Amino acid sequence: MLLDYNLNYNLKKSIKMKNSQSSGFTFIELLIVISIIGLIFSIVVPFSQARYERYKGTIEAEKVLLFLSEMRRKAFLYGKEIEIDSKEGALVTSEGNTFKVEGGFIEIKKPFKFYPSGTTNGGKVYFHYGKSSWIIEINPPFSELTLKEKESEKE
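Listed below in structure tokens is the structure:
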């Protein structure tokens, strides 16, 4: 009976030790999980940041588009001919208005005009923001404005 009690006691003690050792995670398991999470973040964060920069650039390109639309409207409403050109990364009008985008660069290779009749001779505005570029096309004769993201050149 005493032998049976000792055997039972040792068996229960052994089971308790196994249960107390297997609850929770080991330090190595935690390190592996943390390193996997770190690896995932190192892949996702740069991609997300590039998408966010492109998003901000698109918002700024739309502001350029709105400025051009305003100049078109002004030419029509006030019966003025307005010439649009670029200088030092900003849009410049024949009226003396200047439009600059913080962190962006605007260029026009050939100046164009908005006429009092609501028409234009057409042109293109190139907008660069970060690593992305957009083209705003002003299509003659009725001054239709279109915004397109420029495909990045593959090296």
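Position one of the sequence shown corresponds to residue 510 (my numbering), numbered consecutively onward.
Note that the Cβ used here is the ideal one computed from N, Cα and C, for glycine as well.
Predicted model only: the values in this text are computed from it and were never measured.
Partner residues in the beta bridge of residue 658, as assigned by DSSP, are 643. Counting along the chain, no alpha helix (DSSP H) covers residue 604, and no H or E run does either.
If you look at residue 583, you'll find it in the alpha helix (DSSP H) that goes 536-587.
Our two residues, residue 550 and residue 579, have alpha carbons roughly 43 Å apart in a direct line. Only buried fits residue 600, as 16 or more other CB atoms lie within 10 angstroms of its CB. Apart from sequence neighbours up to five positions away, the residues of its chain that approach residue 639 with a beta-carbon distance below 7 Å are 562, 566, ordered along the chain. Between residue 629 and the set 582, 636, 560, the nearest pair of CA atoms involves 582. Cβ atoms of residue 616 and residue 635 come within 8 Å of each other, at about 5 Å.
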